[in-house]
Structures are given as C-alpha cells and as structure tokens.
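What follows is one structure encoded as structure tokens, with my remarks underneath.
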Amino acid sequence: MMFLEQVMAILWKDVRSEWRSKQMWTGMGLFAILVLVIFNFAFDLRVDNKAAVAPGALWVAFVFASMLGLGRTIAVEREKGTMDRLLLCPVDRKAVYLAKLLGNMLFIGVVEIVALPIFAVLFDVPLFFGPLLPIVLLGTLGIAAVGTLFAAMAAATRARELLLPILVFPLIVPVVIAAVRATGTLLVPAANEPPWLGLMAAFDVIFLSVSMLTFEYIVDE
Amino acid sequence: MALAKRETRVERRDASAKEGSQAKRLPVISMVLLALTFAGMMISIWMVFIYAPTDAIEGDAQRIFYFHLPSAIIGMLAFAIVAVGGVVYLWKKDERWDWAARAAAEVGAVFLTFALITGSIWGRTTWGTWWTWDARLTTTLILWFIYIGYLMLRSYMGRSEAGARAGAVLAIIGLIDVPIIYESVNWWRTLHPQAVLPIGSSPQLPPEMLLTLLVAFVTFTLLFSLLLMQLYQLEKMQTLAQRLRASVEV
Amino acid sequence: MDTPLLETTGLKKSFGLKTVLRGIDLAVCSGESVALMGANGAGKTTLLRILACLTSPSSGSARIDGWDSGRDAQRVRRLVGFVAHQPYLYDELTAEENLLFFGKMYAVKDARERAAQLLQRVGLEKRARERVGVLSRGQAQRLSLARALLHAPRVLLLDEPDAGLDEQGYELVEAVLAEHSAGGGAVLFTTHQLERALKLADSLVMLGKGRIVLQEKTAGLELERMRQEYQEVVR
Numbered sequence: 010m011m012f013l014e015q016v017m018a019i020l021w022k023d024v025r026s027e028w029r030s031k032q033m034w035t036g037m038g039l040f041a042i043l044v045l046v047i048f049n050f051a052f053d054l055r056v057d058n059k060a061a062v063a064p065g066a067l068w069v070a071f072v073f074a075s076m077l078g079l080g081r082t083i084a085v086e087r088e089k090g091t092m093d094r095l096l097l098c099p100v101d102r103k104a105v106y107l108a109k110l111l112g113n114m115l116f117i118g119v120v121e122i123v124a125l126p127i128f129a130v131l132f133d134v135p136l137f138f139g140p141l142l143p144i145v146l147l148g149t150l151g152i153a154a155v156g157t158l159f160a161a162m163a164a165a166t167r168a169r170e171l172l173l174p175i176l177v178f179p180l181i182v183p184v185v186i187a188a189v190r191a192t193g194t195l196l197v198p199a200a201n202e203p204p205w206l207g208l209m210a211a212f213d214v215i216f217l218s219v220s221m222l223t224f225e226y227i228v229d230e
Numbered sequence: 002m003a004l005a006k007r008e009t010r011v012e013r014r015d016a017s018a019k020e021g022s023q024a025k026r027l028p029v030i031s032m033v034l035l036a037l038t039f040a041g042m043m044i045s046i047w048m049v050f051i052y053a054p055t056d057a058i059e060g061d062a063q064r065i066f067y068f069h070l071p072s073a074i075i076g077m078l079a080f081a082i083v084a085v086g087g088v089v090y091l092w093k094k095d096e097r098w099d100w101a102a103r104a105a106a107e108v109g110a111v112f113l114t115f116a117l118i119t120g121s122i123w124g125r126t127t128w129g130t131w132w133t134w135d136a137r138l139t140t141t142l143i144l145w146f147i148y149i150g151y152l153m154l155r156s157y158m159g160r161s162e163a164g165a166r167a168g169a170v171l172a173i174i175g176l177i178d179v180p181i182i183y184e185s186v187n188w189w190r191t192l193h194p195q196a197v198l199p200i201g202s203s204p205q206l207p208p209e210m211l212l213t214l215l216v217a218f219v220t221f222t223l224l225f226s227l228l229l230m231q232l233y234q235l236e237k238m239q240t241l242a243q244r245l246r247a248s249v250e251v
Numbered sequence: 006m007d008t009p010l011l012e013t014t015g016l017k018k019s020f021g022l023k024t025v026l027r028g029i030d031l032a033v034c035s036g037e038s039v040a041l042m043g044a045n046g047a048g049k050t051t052l053l054r055i056l057a058c059l060t061s062p063s064s065g066s067a068r069i070d071g072w073d074s075g076r077d078a079q080r081v082r083r084l085v086g087f088v089a090h091q092p093y094l095y096d097e098l099t100a101e102e103n104l105l106f107f108g109k110m111y112a113v114k115d116a117r118e119r120a121a122q123l124l125q126r127v128g129l130e131k132r133a134r135e136r137v138g139v140l141s142r143g144q145a146q147r148l149s150l151a152r153a154l155l156h157a158p159r160v161l162l163l164d165e166p167d168a169g170l171d172e173q174g175y176e177l178v179e180a181v182l183a184e185h186s187a188g189g190g191a192v193l194f195t196t197h198q199l200e201r202a203l204k205l206a207d208s209l210v211m212l213g214k215g216r217i218v219l220q221e222k223t224a225g226l227e228l229e230r231m232r233q234e235y236q237e238v239v240r
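In order, the protein sequences belong to chains A, B and C.
Per the working numbering, the first sequence runs over residues 10 to 230.
Per the working numbering, the second sequence runs over residues 2 to 251.
Per the working numbering, the third sequence runs over residues 6 to 240.
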C-alpha cells in the first residue's frame, strides 16, 4: 500500500539522516543514565526501599529523556523553518505523523535499551526482560503518541522546550501511573492489581488515532 | 492600476446599519444577565449563610461546599465548551467558535482555580490536610494544568489561525483524556486508601441544603454566562482591531 | 484561452499585523510564462507559497486546473512543482536518495528511471551519490529543479531561479522553462532582472505593496520604459 510505503520512506529517511549526523542518541542515552544515578543518591536507597522507588525512578528517567527526544525529530524538519519540503508533497499527513511517531519510538527505545541494564545494576533489581517488554512498549507508545503531536505544536513557538512538557505531562498521567504500577508489580507481585496493561493499550489506541487524525491541522499552515 | 474592487456606498451603509442594531442588542442582554447574577448572588449568600441549616458533622465550615461544588462542575463543563468550540472551529473554520472557546477557557480556568482553593480549604477544615490525592481532586488539578497549558499555548502562538487550531486539538485531546485520568487515579487510589473528601457524596441532603445548592448552582451558571459573554466580546474586538491595524498599515 | 490553468481571485494574506497581499487577481493560461517582479516584501514569495499550497490565504481563492488550493490541496500539490529560494532538499541524503525519496512522496511511477533521467538533464549524473550537503549552491539549485520536475507538474513555480546559479545553470533553466511551456504547462517565476523577464516570459506582472500595479504582455515592451516603471514600483 502506498500509505505504508510512504510511512516507511519517511521513517527510513529520518533514521538515515540522524544516523549520519549522530547528534541525538548519545545525548539522550547519557541523560537517562544520569537521571537514574541522581535518583540513586537522591533517595538514599536502603535494601527495603529500593523495590518501591525503582519503578518510579525508571519511568521518570524515561519520561524526561522522551521530552528531549520528541522535540528533536520535529525540530530537525522545522530547523530551517521548513517542514515545508515534506509538506510541499501530496503525502498524507497521517503517514507523516506515523513515521514521526515510529522514529520517536525508535530513538527513545534505543535509550531505554541502554538504560535498563544500568537501572538493574544501580537499583540492584532483577530484570525480567520478557514481561517488562510489553510494559515498556505500551508505555513508550503512549508517551510518544501524544508527545509527537505536541512536539509539532510547540515547535512553532519560541519556548518550545518549556511548552512541550507543560502540555504533555498532564495528558500522560494515566500512562505514567499504569507503567509505574505495572513495573512495580513485576518486582513485587501483588494481588488484585487493576489491569494496567489493558489501560495502557486502550490509551494508546485512542490517542494514536486522535493524534493521527488531528496532526494535519497542526502541521499545515 | 490596482484591480481591487471598491464597495459601493449603498452596500457599506447597509452593512453598518446591521452592525448597529446588533450592537444595541448586546448591552441589553449583558445588563439583564448582570442584574440576574447580582440578584442571584445576594440570594445565594443569604441562603448559604443564614437559610441553610448547620451541618451536624462538620459544622459551619461545611458551607464552603455550596461555593465549591458549583464552581468545580462549571469549571469542568467549561472545558467541554472549549473542546466543542474547537471541534466546530476545525470543521467550519468560523473564527467565532474559536472566540467562544478561548473565552470559555479563561473563565473556566478561573472557576476551576476557585474550586481548587475552596476544595483545599474545605479539606483542611474537615480533615486537617490542605490536600488529599483523592480521584476527584487530583483530576481537577490535572485539568487545571491542562487549562493553563491551553492558555499558555494560545498566548505563545498569538492571535493566529495556527494558534486557534493548536488550541482546538489540545482541548479535544484533553477532553477525551479527563475520564481516563480519573479512572487511572481511581485505580491507583484503591491501593493507597486515604481520606476522601465528602464531595456531595452524602446521600441524604436535607431539602433546605438541596435548595441552597441549587440556587448557588444557578447563580454560578449565570455568573459564568455573564463572564463568557464579556470575554467573547473582548476576543472579537481584539481580533477585529488587529485586522483593522493590519489593513491600514502600508 | 478559455479557462486559465492557474487563477487567483481576491487573494489576500496577512501575518498577524502585517498584510502582505491585498487582493490579487491573476490568470495564467496553459503554455503561458509569467514573470513576477516587485520589491522585496512586495508579496512575490508569499504568492508562490500560496499557489504551492504551503500556506493558505487569509481570504480569496486560488484555483489550479479547476482545483481549489484550500479544499483540494493534496490534488493541487500534485500539479505544482516549486523551486524555492531554499533548495528543499535533505542535506544528509545523496542526490539520488533525495530524488527517490520525493519520488515516493509524489507516488511517481518508475521513480528510479525518472530520477536518473532528471539527474542527467540537470547535469548532475556524476554527483548522484554525493550528499547534498557537500554540493555547491548552484548544484543544489539544479537538483531542486530536478525535484520539482519529478512528478511532471502542470504548473512550475520558481522563486528567483537566477539567484545563485552559474552560467550552465541559467541556460538550463531557460531550456526547462521553454520545454515546459511548449508542453502546455504554465510557468510563474519571480526575478529582479528585467532583461531576463522580458526575454523569458510572455507576460510581466509587477507587485507593489501587495497589489498588482502592472500587468502586460511582454511582446513589444521597451526595456527603457519598463526600467523606469520598475524603479517606481521598487521605491
């Protein structure tokens, strides 16, 4: 289908461009690790505390690293004031959104892959990669689905680094709650936990759709 | 020379005549609303402080509830207006809906701020804490942040079509999100049972209290409508003024 | 000419407090080539951007081949090729990769052959595998021209195509414009050079402070008289 081909083409173009310029990845990766280290000191973790604080620390690191990365992929296009080169083409704006979303998830994903082992070491926490994967995937998708849309919005203003978190944080509260609780349940299994994964999945589906449909109103002048 | 079309004098006279009669109607409605609101306020204050019986459990401090509940509900409904205004604006591209949305956002934010403050005071007098993370209060707080985000966004993007569209999208997403936020906080809270604010959850309100609440509700609705109208007019004036300045500048 | 290929009616554009276009009524037919002149800030680039569907007008409308640039923007984008001041290319990709990418975006059939063809046409076949970032400005502009022609548009818009081009580039642009008009397409280009305008275009349009102040066929125009008019407008 032409639509999917176009999504892949834009994604491939973005990845190739970033790869060749090598600016973003190292910065975001370092940032995530640093946040985790600071949390380690800030909470003065003794053995019994760690399991309680660890999931929160992890997701705070992910959320903040995401804020950095989200702004970047859109900024790349808007840098010379031109998302124009892409918008000039009769490409479906939904395809542009999806491509940007996937690109964001890829970048944030790389950061997460790097940060997770470090997290396991710092917090002395056993890491179950298997069950953790869906949580991280759904959580990241939720943050990125909303974040990609708002990054495009904030990119048009001067205070974009400030505005993006202000707009996005309140909206991703359900994802953060669910992700932290779900991660926590992995470390300390509890009975009668609400279906956090289900909540995240519902959130993702809803906001992916809405963002995809409204993206063109943000991005077309 | 220039190919611009000039309006004929007849067309211009007709247009301004229509504007004039419309303009005369508005202050009348505003005046009526103002009078009604004032009357409502007076009656409400009397009812809240004198007519309504003192609550058996909480004492006089409970009276703040009559101010808190209406402003909270209206503050939340106002956001629905912002979102609906946004949707219609995106669909019809008629800027008047955007004026309404923006006005509703400003008034709604004020009402919600008032609701948060009164809610906090009420919690303090009833339970001794200024804040509790119960689902309703937390969702109200998050909605408040979304309001502020909306106002900041509109402010940064200025008076432009792009700003109007961005605001509309934000409001739509926010509106869809609020119930989800509420549920997720609710689930989270079942794991940390804490003090719950008795926000209107008392099943039997004596009829005098119910009546007071109803009157307060009507009054706040009148106040909201009054402020909404004024701010709508303000938005309209500011936009038209900007347009006028633009066409005059050479 | 019956229905013009490109037509604007009462086109107005304001950015906040600044009004750039104050009502443009323009008609361009198939095979016609129009030179757009005016001082900087007179609205030339804005007009082109509206026609390329990069921005929408504050009021008024623009139609290309019957399609409205507001309602049917995606259709119009397919019909228009835009060579702007910036090359609208991706610096980190090679020339060939750029053309293939845009080929995908425009859903061009046989993109690879077309890209190779165009690279040869603009004289960049030897540089196909070089990153656009290392190309000179003139080469990037030529590649930008290739990009604009990729999807065989009916309307070609060029914003100061003579700026930043070398001699080979000039000749290329002239040839391309001639071919395009001969093929029934319409051309609208902006320029600051009067001789060029009179030589290449069928009609001359001058913009002053957002309005059309002059609109004439170039056949039979005298350079000296035009030069005086132009000075008036530009002041």
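Just so it is clear, CB atoms sit at the ideal spot from N, CA and C, and this is done for glycine as well.
Since the model is a prediction, treat every value here as computed from it, not as a measurement.
Asked                                                                                                                                                                                               : Found
Going along chain C in order, which residues have a C-beta closer than 7 Å to the C-beta of residue 161 of chain B?                                                                                 : 21
How far does the alpha helix (DSSP H) with residue 218 of chain A in it extend, from its first residue to its last?                                                                                 : 205-228
Tell me which residues share the same chain as residue 16 of chain A and place their Cβ nearer than 8 Å to its Cβ, disregarding the 5 neighbours each side in the sequence.                         : 104, 107, 108 and 111
Distance cutoff 8 Å, beta carbons only. Does residue 83 of chain C sit that close to anything in chain A?                                                                                           : yes
Taking the alpha-carbon positions, what's the residue 143 of chain B to residue 147 of chain C distance?                                                                                            : 53 Å
With a floor of 4 residues, list each alpha helix (DSSP H) that falls wholly inside the region 203-247 of chain B, ordered by position along the chain.                                             : none
Run through the region 165-224 of chain C for me and flag every whole beta strand (DSSP E) of 3 or more residues, listed as ranges in chain order.                                                  : 191-195, 208-213 and 216-222
For the region 72-104 of chain B, list every residue whose C-beta sits within 7 Å of some C-beta in chain A, in sequence order.                                                                     : 91
Could you tell me whether the Cβ of residue 14 of chain A comes closer than 8 Å to any Cβ of chain B?                                                                                               : no
Exposed or buried, which one is residue 13 of chain A when buried takes at least 16 other CB atoms within 10 Å?                                                                                     : exposed
Does any residue of chain C have a CB that is nearer than 8 Å to the CB of residue 223 of chain A?                                                                                                  : no
As an exercise, report each continuous beta strand (DSSP E) stretch of at least 3 residues that is fully enclosed by the region 7-31 of chain C, in chain order.                                    : 11-20
How far does the alpha helix (DSSP H) with residue 121 of chain C in it extend, from its first residue to its last?                                                                                 : 116-126
Between which two residues does the beta strand (DSSP E) containing residue 65 of chain C stretch?                                                                                                  : 64-69
Examine chain B for any beta-carbon lying closer than 8 Å to the beta-carbon of residue 24 of chain C, and answer yes or no.                                                                        : yes
Does the beta carbon of residue 167 of chain B come closer than 8 Å to any beta carbon on chain A?                                                                                                  : yes
Run through DSSP, which three-state label would residue 200 of chain A get?                                                                                                                         : coil
For chain C, find out if any of its Cβ atoms is closer than 8 Å to the Cβ of residue 22 of chain A; answer yes or no.                                                                               : yes
Under DSSP, the beta strand (DSSP E) around residue 4 of chain C begins and ends at which residues?                                                                                                 : With chain C running from 6 to 240 in the structure shown, residue 4 of chain C is simply not present.
Taking the continuous alpha helix (DSSP H) assigned at residue 185 of chain B, which residues delimit it?                                                                                           : 162-190
Between residue 88 of chain C and residue 55 of chain C, what straight-line distance do the alpha-carbon atoms span, to the nearest angstrom?                                                       : 14 Å
Can you name the start and end residues of the beta strand (DSSP E) that residue 41 of chain C belongs to?                                                                                          : 38-43
Grouping DSSP H, G and I as helix and E and B as strand, with all else coil, what is residue 201 of chain B?                                                                                        : Unreliable positioning characterises residue 201 of chain B in this predicted model, as indicated by a pLDDT of 48, which lies under 50. The coordinate reading is nonetheless provided below. Correct three-state label for residue 201 of chain B: coil.
Closest by CA to residue 179 of chain B, which one among A:189, A:183 and A:20?                                                                                                                     : A:183
From residue 185 of chain A to residue 68 of chain C, what distance separates their C-alpha atoms?                                                                                                  : 48 Å
Would residue 146 of chain B pass as an interface residue toward chain A - the criterion being a Cβ-Cβ separation below 8 Å?                                                                        : yes
Give, in chain order, every residue of the region 213-228 of chain B whose Cβ lies closer than 8 Å to some Cβ of chain A.                                                                           : none
Would residue 132 of chain B count as contacting chain A if we go by Cβ distances under 8 Å?                                                                                                        : no
Need the endpoints of the alpha helix (DSSP H) that residue 69 of chain B sits in, please.                                                                                                          : 66-93
Cα separation between residue 23 of chain A and residue 27 of chain C?                                                                                                                              : 39 Å
Let me see if you follow: with CB-CB separation under 8 Å, is residue 65 of chain B close to chain A or not?                                                                                        : no
Could you name the residues of the same chain whose beta carbon sits closer than 8 Å to that of residue 78 of chain A, not counting the 5 residues immediately before and after it, in chain order? : 33, 37, 113, 116, 117 and 120
Determine the DSSP secondary structure at residue 133 of chain B, reduced to helix, strand or coil.                                                                                                 : coil
With residue 134 of chain B and residue 124 of chain B assumed to form a contact (beta carbons below 8 Å), what rounded beta-carbon distance in angstroms separates them?                           : No, residue 134 of chain B and residue 124 of chain B are not in contact; Cβ-Cβ is about 11 Å, not under 8 Å.
Closest Cβ-Cβ distance between residue 201 of chain B and chain C: below 8 Å?                                                                                                                       : For residue 201 of chain B, the predicted model reports a pLDDT of 48, less than 50, meaning its position is unreliable and no value from the coordinates is stated.
Once you ignore the five residues that flank residue 221 of chain A on each side, which residues in its own chain have a CB closer than 6 Å to its CB?                                              : 103 and 106
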